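According to numbering that gives the first Met the number 0, the sequence shown is numbered sequentially starting from 0.
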Amino acid sequence: MDIQWGSLSQIQAELLSFKTAIGYGEYDYIHLLSGQDLPLNTQDYIHRFFDSLKKGTNLIGFAQGEFNRQDLALKTNYYHFFIDKYRYPIRYVRGLLNIYRDAMVSLQKRIGLKRRWNMKLYKGCNWVSITPEFARYLVDKEHSILKMFRWVPCADEIYKQTLMMESPYKHTVYSRILDFAGMTRKTDWTRGCPYTWHEYDFQELITSDALFARKFSSNIDKKIIDKISNHILLNGRKEATTDKDTRSLPQS
């Protein structure tokens, strides 16, 4: 599949991933992670966290604040063209397409053309941890989703939140107040878009309450990746030893 940043192909890829996960086996959760994510804790720790949640809880982040409100309005109030060419490799062609796209949005504003939606729209991070039931709900609505968000840039950050709040599962959301924290992801947007973690961030990462963190790059700092991997491996061995010792204790 040819996946272009910000385009409908990202939604298609997500829905295909959900569909594949649903058909692969019986799972309590489907985690959508990027290739630049790392877990911050052992698999057993992560399992215990999700086991502690009320059955059926979905972890989907909802963006807050005026900036996100305005960003959502800009993306959904108007038709955006050539979305799949946001990162076209030929620079001058990309520039011309950006000018044309912005001009078309300006024209729509000038003539008073505004898209109408029959539902309230929401925005948040595209990385989520959802139940197979909600994933199946999304997959079943694939045709409607692709038609609805065809002209919306970065709609992968909109369709899951919007469909969740229109669904019977809206009361299963872990937190509608928190965005990244609500998804147990640690992402730093104050130092980057997002910030790439370094070795000197190690203590901040392993002492956080998050289960996963983004983003990491072996080209920028491979040492932090190795340190976290070794940290998880060491803790995993400790947990395995503790479990073994517990099972070997004599029963009273």
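Glycine included, every Cβ here is placed at the ideal spot set by N, Cα and C.
Just so we're clear, the structure is a prediction, and the values are computed from it rather than from any experiment.
DSSP three-state call for I2: helix, strand or coil? coil
On the DSSP bridge assignment, give the partners of L58 in chain order. S128
Would you tell me roughly how many angstroms separate the C-alpha atoms of G5 and P152, rounded to the nearest one? 5 Å
Please check the pair L137 and L58, which I expect to be a contact at CB under 8 Å, by giving their CB distance rounded to whole angstroms. With a Cβ gap of about 15 Å, L137 and L58 do not count as contacting.
Grab me the residues of K185's own chain with a C-beta within less than 6 Å of its C-beta, minus the 5 sequence neighbours each way, in chain order. S207, A209, A212
Taking the alpha helix (DSSP H) that D43 falls in, what are its first and last residues? 42-51
When the Cβ atoms of the segment 126-145 are set against those of the segment 156-172, are three or more pairs found closer than 8 Å? yes
Alpha carbon to alpha carbon, how far is I21 from T41? Give it in angstroms, no decimals. 24 Å
Among T195, K169, E203, nearest to G60 - alpha-carbon criterion: K169
When the distance is taken between beta carbons, is S128 closer than 8 Å to Y28? yes
Leaving aside the five residues before and after V104 along the sequence, list all residues of the same chain whose C-beta is less than 7 Å from its C-beta, in chain order. Y77, H79
Compare the C-alpha of F118 against each of I10, M164, Q3, A12 and name the closest. With the sequence shown as reference, residue 118 is identified as Met, and Phe is not the correct amino acid for it. Comparing Cα positions, the closest option is M164.
Contact defined as beta carbons within less than 8 Å: I believe Q35 pairs with K214. What is the distance between those atoms, to the nearest angstrom? 4 Å
Which stretch, first to last residue, makes up the beta strand (DSSP E) that contains D36? 36-38
As a quick exercise: from N125, N97, L112, F148, pick the residue whose alpha carbon is nearest that of S33. N125
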